[in-house]
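The sequence shown: position 27 = 26 (numbering that gives the first Met the number 0), numbered continuously.
Have a look at the structure below, then the notes.
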Amino acid sequence: MSVANTSVITIEPGKRGGKPCVRGMRITVYDVLSYLTAGMQPREILEEFPYLTADDIQACLAYAADRERLTLVSR
């Protein structure tokens, strides 16, 4: 099951060094995930960044889960 919503997560070579961003904005998947891992609740992120939506946060989590699913470790 591929869960990353490609219409929400975008990658543009000239924006934020080509890192995955939310809806073409300058906020990256990493930014959102780092706020969550620092202990911010989704509602706090939405209050701090009113241009984000709950679907954006969910898309970041889905993108990270999909990337993890595709990660291979080789010897």
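In this text, a Cβ means the ideal position worked out from N, Cα and C, and glycines have one as well.
Check the Cα spacing between aspartate 55 and each of Arg74, Val72, Lys14 and Thr27: the tightest is with Thr27.
For the pair of segments examined, the region 9-28 was found to touch the region 50-66: the number of CB pairs separated by less than 8 Å reaches three. Non-local C-beta neighbours of leucine 51 in its own chain, meaning closer than 8 Å and more than five positions away in sequence, comprise Val21, Ile26, Val31, Ile44 and Leu45, ordered along the chain. Nearest in C-alpha terms to tyrosine 29, of all of Ser6, Arg66, Pro49 and Gly13, is Arg66.
Per DSSP, reduced to three states, the secondary structure at threonine 27 is strand.
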